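Asks:
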Amino acid sequence: MQSCKADDFVRIVRNNNQRGLSRVLSMVENGHPLASSILHSLFDPERLCLTIGITGPPGAGKSTLTNRLISYYRRHGNKVGVIAVDPSSPFSGGALLGDRVRMQEHASDPGVFIRSMANRGHLGGLSGTTRDALEILAAASYNPVLIETMGVGQAEVEIASLADITLLVLVPGLGDDVQTMKAGIMEIGDIIVLNKADRPGIEQLELSVNASLELIPDPAARPPVIRCSAQTGEGIEELADAIGSCTASGTGRKEIALRRTALVLNSIIREKGRELARTLIIDRYGSIEEAIESILAGETTPYRIGEILSGFLKNKRENENECKRD
Ligand SMILES: Nc1nc2c(ncn2[C@@H]2O[C@H](COP(=O)(O)OP(=O)(O)O)[C@@H](O)[C@H]2O)c(=O)[nH]1
Ligand SMILES: [Mg+2]
């Protein structure tokens, strides 16, 4: 009965019924018991869906840029998905208001699907939910899917790593040196976008970005730097071209499938590994808090708990080997 219901949702996604799609995404976000079966049925490593991460400090113009990229890809006949992720916000599902306003013109376009996601207590965390949402939108034939993350913290870096290509958006006047130098975030940008090129300070920003990039010894490994203005639309074609040539360079279907599969599996390993370890600790101590109390009381240490976790796996394997011998 359960698998039958999962199939219904799978069909809804494949038929791209937008309301149904929203519902399935909510199921995934809320850890619904059917979510995993649905994702299992939909997973296709060879899916044709380019995922573009858009990251950078608040106010850099990510949403405005996303809006421009939606228009660009719509003009080229693509169905476009957008996932706007805000790790710092407790609100979800509905709207991150500013983003919705910037993408308003696409709200009624059936070829565009926009979803906002925010932090939830869900075990997989926001990057797990984003990963799953990506798979679902890909299965509904959205291509590309743009992932806008707010800010440049650890959660954002993790989310950005889910994308095939990441745009790091920088702007004049936000403290250029801080932005570029301090940010080892340079490493997460496949393309550096210098937005608000209509504003003063753009030359200075470009100089300081290029100076930072020279620290990368191999010139071929340096990401392209594209100036644009999301507000006027200037430079958007060049940006889309750069995205196109980044993805065209050398990777075939097989390699993409391999990369995607490794990415999703590694992300599942992180998520389930954490879940397994937590469960084992809770089984033994009652709760994580009680384990901490026990450590503070001098009864154990985090390292001993680590040994217990490893020991559990070792015992399990030994038992299984014994069973096989029997
Ligand atoms: N002058 C100028 N303003 C821009 C540009 N792109 C975005 N903005 C403005 O910058 C503000 C923040 O934009 P938003 O897209 O919400 O930034 P986000 O926080 O990175 O998503 C808004 O007022 C935009 O209208 C641009 O290229 N030039
Ligand atoms: Mg935004």
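Note that my numbering numbers the sequence shown so that position 172 is 152, with each residue one more than the last.
Ideal placement from N, C-alpha and C gives every residue a C-beta, glycine not left out.
These numbers were taken from a predicted model, which means no experiment stands behind them.
1) With a cut-off of 8 angstroms, do at least 3 Cβ pairs link the region 170 to 189 to the region 147 to 156?
2) Would you kindly check if the distance between the Cβ of residue 106 and the Cβ of residue 139 is under 8 angstroms?
3) Which residues in the same chain have their Cβ closer than 7 angstroms to the Cβ of residue 291, if we skip the five residues on either side of it in sequence?
4) Give a single yes or no on whether residue 42 has its beta carbon closer than 7 angstroms to a heavy atom of ligand 2.
5) Under 8 angstroms, with one C-beta from each stretch per pair, do the region 117 to 125 and the region 54 to 63 reach the 3-pair mark?
6) Would you kindly report the start and end of the unbroken alpha helix (DSSP H) that includes residue 17?
7) Give the straight-line distance between the Cα atoms of residue 136 and residue 303, rounded to the nearest whole angstrom.
8) Exposed or buried, residue 200, counting other C-beta atoms within 10 Å across all chains shown (16 or more means buried)?
9) Output needed for residue 189: all residues of its chain with C-beta closer than 7 angstroms, excluding positions within five of it in sequence on either side, in chain order.
10) Report buried or exposed for residue 239, applying the criterion of at least 16 other Cβ atoms within 10 angstroms of its Cβ.
11) Pull up the distance between the alpha-carbon of residue 35 and that of residue 42, whole angstroms please.
12) For the structure I just gave you, are there three or more beta carbon pairs, one from the region 84 to 94 and one from the region -15 to -7, closer than 8 angstroms?
13) Indicate whether the contact test is met: 3 or more Cβ pairs, each with one atom in the region 279 to 294 and one in the region 249 to 264, closer than 8 angstroms.
14) Taking 7 angstroms as the cut-off, is the beta-carbon of residue 179 closer than that to any non-hydrogen atom of ligand 1?
15) Taking only the alpha-carbon atoms, compute the straight-line gap between residue 101 and residue 232 and give it to the nearest angstrom.
16) Comparing alpha-carbon positions, which option in 243, 195 and 46 lies nearest residue 219?
17) How about residue 55: is its C-beta nearer than 8 angstroms to some C-beta of chain D?
18) With respect to the beta strand (DSSP E) encompassing residue 128, which residues constitute its N-terminal and C-terminal limits?
19) Could you check if residue 96 belongs to the surroundings of ligand 1, using beta carbon to heavy atom distance under 7 angstroms?
20) In the DSSP assignment, find the unbroken beta strand (DSSP E) run with residue 145 in it and report its ends.
21) Do you know offhand how far residue 202's Cα is from residue 194's?
22) What is the rounded straight-line gap between the Cα of residue 226 and the Cα of residue 145?
23) If you draw a straight line from the C-alpha of residue 255 to the C-alpha of residue 55, how long is it?
24) Helix, strand or coil, according to DSSP, for residue 49 in the structure here?
25) Using the Cβ count rule (16 or more neighbours within 10 Å means buried), how would you classify residue 9?
26) Could you work out which residue in 301, 39, 187 and 278 is closest to residue 210 when comparing CA atoms only?
27) Sort out for me which residues DSSP pairs residue 64 with in a bridge.
28) For the region 191 to 274, which segments carrying the alpha helix (DSSP H) assignment without a break, of at least 4 residues, lie completely within its bounds, in sequence order?
29) With the cut-off set at 8 angstroms, would you say residue 95 and residue 142 are in Cβ contact?
Replies: Per the coordinate set shown:
1) Of all C-beta pairs linking the region 170 to 189 to the region 147 to 156, three or more are shorter than 8 angstroms, placing the two stretches in contact.
2) yes
3) none
4) In this structure, ligand 2 has a non-hydrogen atom nearer than 7 angstroms to the beta-carbon of residue 42.
5) Yes, the region 117 to 125 is in contact with the region 54 to 63.
6) Under the DSSP assignment, residue 17 falls in the alpha helix (DSSP H) whose first and last residues are 15 to 22.
7) 45 angstroms
8) exposed
9) 150, 160, 172, 174 and 205
10) exposed
11) 7 angstroms
12) They do not touch, by the three-pair rule.
13) yes
14) yes
15) Low per-residue confidence applies at residue 101: pLDDT is 48, beneath 50, and the placement is therefore not dependable enough to give any value.
16) 46
17) Within the model displayed, chain D is absent; a lone protein chain is all it includes.
18) 125 to 129
19) no
20) Run containing residue 145: 145 to 150, per the beta strand (DSSP E) assignment.
21) 8 angstroms
22) 8 angstroms
23) It is roughly 43 angstroms from the alpha-carbon of residue 255 to the alpha-carbon of residue 55.
24) Correct three-state label for residue 49: helix.
25) Within 10 angstroms of the beta-carbon of residue 9 lie 16 or more other beta-carbons, which makes it buried.
26) 39
27) 96 and 128
28) 216 to 228 and 233 to 265
29) Between residue 95 and residue 142, the gap from beta carbon to beta carbon reaches 8 angstroms or more.
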